[in-house]
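**Student:** First the structure, then my questions, so here it is.
In this note's numbering, the protein residues as written are -11 to 178.
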């Protein structure tokens, strides 16, 4: 073999080996790129899933807040309706005619007055002189105070053991405490 042939053989072998090394490097590079692309895709999918979960969580939170705000507004409106019901009841009590007012007063005195109590009528109770003449006042030996109370209709009972507020607003407040849920159920039943 000539020197030229040996050199060509070495060059040919080197080129073959270089091509094999390049092909192997390209295969390894492709594998590294494919693995990197796989990791990037998995990471991208994970980030998208996390972003979707976070977005859904924010939406759920906003929806819950909206439902809560809506419920608060509805409750406020329902309370306003109940307030109006009791305001109208108070107005109706203030506007009772003489017969009804005296009958109501007599019933309250019969039920709540104790013997010897002092009656202090509201300054806006129009029938205090007539109420002072009711039979129950004599039967229970009740005293009628010359003073007037700054209450909304009705009267106060001042007793030896306890005082009782039987003003129209106090009676309605007690009624509201006891019956508000039932009244709301009847008004707002769907």
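Yeah, the Cβ is synthetic: ideal placement off N, Cα and C, and Gly gets one too.
Note that this is a predicted model, so its numbers are computed, not measured.
Relative to the alpha-carbon of residue 75, which residue among 176, 173, 158, 166 has its alpha-carbon at the smallest distance?
**Tutor:** Answer by Cα proximity: 158.
**Student:** Could you tell me whether the Cβ atoms of residue 151 and residue 144 are closer together than 8 Å?
**Tutor:** Their beta carbons are under 8 Å apart, which means residue 151 touches residue 144 by this criterion.
**Student:** Can you list, in chain order, the stretches of the alpha helix (DSSP H) that have 4 or more residues and sit fully within the stretch 118 to 175?
**Tutor:** Runs of the alpha helix (DSSP H) inside the stretch 118 to 175: 123 to 127.
**Student:** Looking only at DSSP bridge pairs, what is residue 39 linked to?
**Tutor:** In the DSSP output, where bridge partners are listed per residue, residue 39 has none listed.
**Student:** Can you give me the C-alpha to C-alpha distance between residue 11 and residue 43, rounded to a whole angstrom?
**Tutor:** If you take the alpha carbons of residue 11 and residue 43, they lie about 46 Å apart.
**Student:** Am I right that residue 196 and residue 103 are in contact with their C-beta atoms under 8 Å? What's the rounded C-beta distance?
**Tutor:** With the chain covering -11 to 178 only, the question about residue 196 has no answer from this structure.
**Student:** For residue 106, list the residues DSSP reports as bridge partners.
**Tutor:** Residue 106 pairs with 131, 146.
**Student:** For residue 72, which three-state DSSP category applies?
**Tutor:** In this structure, residue 72 counts as helix in the three-state DSSP scheme.
**Student:** Do the stretch 117 to 136 and the stretch 88 to 107 make contact, defined as three or more Cβ pairs closer than 8 Å?
**Tutor:** The answer is yes - the stretch 88 to 107 touches the stretch 117 to 136, with three or more Cβ pairs under 8 Å.
**Student:** For residue 78 versus residue 166, is the C-beta distance shorter than 8 Å?
**Tutor:** No, these two residues do not count as a Cβ contact at 8 Å.
**Student:** Between the alpha carbons of residue 32 and residue 18, how many angstroms are there, rounded?
**Tutor:** Answer to the nearest angstrom: the Cα atoms are 20 Å apart.
**Student:** Compute the Euclidean distance between the alpha carbons of residue 133 and residue 56, then round it to the nearest angstrom.
**Tutor:** Cα to Cα, the separation comes out at about 52 Å.
**Student:** Have a look at 136, 107, 65 and flag the residue whose alpha-carbon is nearest the alpha-carbon of residue 130.
**Tutor:** That would be 107, whose Cα lies nearest to the Cα of residue 130.
**Student:** So for residue 100, helix, strand or coil by DSSP?
**Tutor:** Helix at residue 100.
**Student:** Compute the distance between the beta-carbons of residue 105 and residue 142, then report whether it is under 8 Å.
**Tutor:** Result no, Cβ atoms of residue 105 and residue 142 do not sit closer than 8 Å.
**Student:** Taking the straight line between their C-alpha atoms, what separation do you get for residue 149 and residue 101?
**Tutor:** Answer to the nearest angstrom: the Cα atoms are 11 Å apart.
**Student:** Helix, strand or coil: how does DSSP classify residue 26 here?
**Tutor:** Looking at residue 26 - three-state DSSP - the assignment turns out to be helix.
**Student:** Residue 110: which of 25, 124, 82 sits nearest, CA to CA?
**Tutor:** Cα-wise, what sits closest to residue 110 is 82.
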